[in-house]
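Using the UniProt record's numbering, you'd call the opening residue of the sequence shown number 1 and step up by one each time. C-beta: ideal position from N, C-alpha, C; glycine also. Just so you know, these numbers come straight off a predicted model, no measurement behind them. Comments concern the structure below.
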Amino acid sequence: MLAFLRDLAKEPLIASWQRHKRGAFAGVSVARRWWGSLSPAHMLRWLPGGSPRQGHRAGRPPKLYVPPRVTRPKSRGRSVARRLFLNNRPRPQPPPNPHHHHDAHPPSPRGVLLLLLLEYLLLLAGRSQLSLSKHGFAVTRPSLSKPPPFLSLSLSPRVPRPLSGLNATTDKTRHILRQTPTPTPTDTMSALLSYLVKFLVGYFALTVFFYGLSLAVPRAGFVARVLAAYISLVACALFGAAASAALTLAGHQQISQWVTARSFKYLMYLTTGVVFEVDDPRDVLGTTRPAVFIGNHQTELDVLMLGAMFPKYCSVTAKSDLKHMPFLGWFMRLSGSIFIDRKNSKDAREAMQGAAQEIRAKRQSVYMFPEGTRSYTKEPALLPFKKGAFHLAVQAGVPIVPCVVANYSHVLYLKSLIFNSGRIPIKVLDPIPTKDLTSADVDELTRSTRELMLKELVVLSAKAKGQPIPVPSANNSTPKAVSSGVDTKA
1 MLAFLRDLAK
11 EPLIASWQRH
21 KRGAFAGVSV
31 ARRWWGSLSP
41 AHMLRWLPGG
51 SPRQGHRAGR
61 PPKLYVPPRV
71 TRPKSRGRSV
81 ARRLFLNNRP
91 RPQPPPNPHH
101 HHDAHPPSPR
111 GVLLLLLLEY
121 LLLLAGRSQL
131 SLSKHGFAVT
141 RPSLSKPPPF
151 LSLSLSPRVP
161 RPLSGLNATT
171 DKTRHILRQT
181 PTPTPTDTMS
191 ALLSYLVKFL
201 VGYFALTVFF
211 YGLSLAVPRA
221 GFVARVLAAY
231 ISLVACALFG
241 AAASAALTLA
251 GHQQISQWVT
261 ARSFKYLMYL
271 TTGVVFEVDD
281 PRDVLGTTRP
291 AVFIGNHQTE
301 LDVLMLGAMF
311 PKYCSVTAKS
321 DLKHMPFLGW
331 FMRLSGSIFI
341 DRKNSKDARE
351 AMQGAAQEIR
361 AKRQSVYMFP
371 EGTRSYTKEP
381 ALLPFKKGAF
391 HLAVQAGVPI
401 VPCVVANYSH
411 VLYLKSLIFN
421 SGRIPIKVLD
431 PIPTKDLTSA
441 DVDELTRSTR
451 ELMLKELVVL
461 SAKAKGQPIP
471 VPSANNSTPK
481 AVSSGVDTKA
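Right under this line is the structure:
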């Protein structure tokens, strides 16, 4: 090997290779250094036969083959290791800025979460206390020279040293927490008012946008009026809750629902253009007290119908699910509404008995929907009546006042996404006395009242839509009430 190196300095590379062909493989490393990045496979290509012996046996002088320079890619793992473990030189730091505090830039979010987690563990261990004041909140923690209770058994010999570093960690946590002061109640209230104003402005702008779009796309009017009706309902429910509380303190809880109903009537007329016209020539709503008022139930718009014709000293009955509904449920509970659980017949009977006693004692009227649910019909029709309202009237000995609302599918029909402005007529029929009636007469009372309301509904709906009044058919088959409270065919 030394002889090959010595001759390599005096002779060309090919001559040195021929003279020292037996030690060719020993000179591979020297050749790689000579040519830079060549490998043994490249050196074997120098000979035409593919190996030194073949070239020598053929008697042909080997030709020098110089391959192109190959740059081998750097090992990524080695470069990463060098950056992590070998390159420990300090990086150049920017000059300090005298105008900024050295801790002006908070640490990374991951570090903050880790510090908060450590502080929370100390709070759980009972070693820290969180105190609030007008200047913010602070974490006070006694000295950790003594280990916490949950570490005193197994780690007590080694606790003081690691927890000494934890002291600095929690100090850093408290420093981070002090950078963002706790909002005061005044700041919280102002922030809530700011969010509320932004929400109302955005809601109003969205409603106005859909109203403008309805001039070109009529279907957009449905969205606009739904938005307007919902915000009107929420506003009147909040107003009704406050008014009910105030009127209850003043001793006038009986008129709280009437006050809220009238406010909803005028607000809906301004926002949606829908108005209910009450036809009450004998002033039954104002003179009949107490009474059980009943009416047909079509859609959610019947809330506005109640706002238009609701008597002054009256309350409504509703299903118990509405009790837990935000805004509307708050108002109904404060105003003294009667909630009925349809799934529990015992609770329903108890609610009816309580309502009958209240009617007799306070002379408070009640408005009920004998259908029990919304019909959503496009043509004038009535669902089978339940007998609860009629039992209540018989038990209390008060008259029944039927109120018929014309079918308003031309104004609101949810299945076809129709919601237009318009006028909807309401007809208040003559009171039906229940004096000297018993529970055995409830079935006949229910059947006759339903027939009377159905005839008036057909006539009133035809007038409202401008259609000819239909002639009553000769079919005398009428539904009959049964003990379950639901009408069936005889």
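Out of curiosity, what's the CA-to-CA distance linking residue i and residue j?
i: A191; j: V201; result: 15 Å
i: Q357; j: N407; result: 34 Å
i: V405; j: K465; result: 13 Å
i: T272; j: L437; result: 44 Å
i: T260; j: G240; result: 5 Å
i: P380; j: V458; result: 6 Å
i: M368; j: A389; result: 7 Å
i: K387; j: L452; result: 16 Å
i: N420; j: V275; result: 11 Å
i: L429; j: G221; result: 34 Å
i: Q298; j: M189; result: 41 Å
i: Y413; j: N296; result: 16 Å
i: I338; j: A216; result: 45 Å
i: S409; j: D187; result: 49 Å
i: P218; j: V292; result: 41 Å
i: V223; j: Q254; result: 35 Å
i: T373; j: R450; result: 15 Å
i: D280; j: L193; result: 44 Å
i: P290; j: T317; result: 15 Å
i: M352; j: S448; result: 22 Å
i: Y376; j: E300; result: 9 Å
i: S145; j: P185; result: Residue placement at S145 is poorly supported in this model, since its pLDDT is 49, which falls under 50; the coordinates still yield a value, given next. So the alpha carbons of these two residues sit roughly 38 Å apart.
i: I359; j: H252; result: 16 Å
i: A237; j: K378; result: 29 Å
i: L454; j: K427; result: 12 Å
i: G307; j: Y195; result: 31 Å
i: T446; j: E456; result: 16 Å
i: Y269; j: S263; result: 10 Å
i: F209; j: F199; result: 15 Å
i: A250; j: G329; result: 22 Å
i: L382; j: D302; result: 15 Å
Out of the options, which has the shortest C-alpha to C-alpha gap to residue i?
i: T434; options: V401, P218, Y269 and G329; result: V401
i: L460; options: R423, S375 and S439; result: R423
i: L304; options: I338, G286 and A228; result: A228
i: I432; options: V411, T288 and S439; result: T288
i: P425; options: C403, G212 and T373; result: C403
i: K312; options: V284, P185, G329 and K415; result: V284
i: V398; options: S232, K198, S263 and V366; result: V366
i: A440; options: Y195, T377, Y211 and H391; result: H391
i: L417; options: S214, R262, L238 and G251; result: S214
i: D443; options: A393, K455 and L270; result: A393
In this structure, does DSSP put residue i in helix, strand or coil?
i: V486; result: Interpretation of V486 is limited by its pLDDT of 44, a score under 50 that renders its predicted location unreliable; no figure is taken from the coordinates.
i: S409; result: coil
i: K427; result: strand
i: P402; result: strand
i: M305; result: helix
i: E277; result: strand
i: A242; result: helix
i: V292; result: strand
i: K455; result: helix
i: M325; result: coil
i: S51; result: Reliability fails at S51, whose pLDDT of 47 lies under 50, so the model's placement of it is uncertain and no value is given.
i: A381; result: coil
i: A220; result: helix
i: I338; result: strand
i: D310; result: Asp is not the amino acid found at residue 310; the sequence shown has Phe there. F310: coil per DSSP, three-state reduction.
i: Y266; result: helix
Quick check on residue i: buried or exposed, where buried means 16 or more other Cβ atoms within 10 Å of its Cβ?
i: R363; result: exposed
i: P468; result: exposed
i: K265; result: buried
i: G286; result: exposed
i: A205; result: exposed
i: S244; result: buried
i: S207; result: Going by the sequence as given, residue 207 is Thr instead of Ser. It is buried - the Cβ of T207 has at least 16 other Cβ atoms within 10 Å.
i: V197; result: exposed
i: A355; result: buried
i: K463; result: exposed
i: R225; result: buried
i: A26; result: Because A26 carries a pLDDT of 47, less than 50, the predicted location of this residue cannot be relied on, and the following value inherits that uncertainty. With fewer than 16 other Cβ atoms within 10 Å, it is exposed.
Between residue i and residue j, which are expected to be in contact by the criterion C-beta below 8 Å, what is the C-beta distance as a whole number of angstroms?
i: V278; j: M309; result: 5 Å
i: Q395; j: C314; result: Contact doesn't hold; Cβ gap of about 18 Å is too wide.
i: K323; j: R333; result: 6 Å
i: P370; j: I294; result: 5 Å
i: L267; j: A235; result: 7 Å
i: I231; j: Y211; result: Rounded, the Cβ-Cβ distance is 13 Å, inconsistent with contact.
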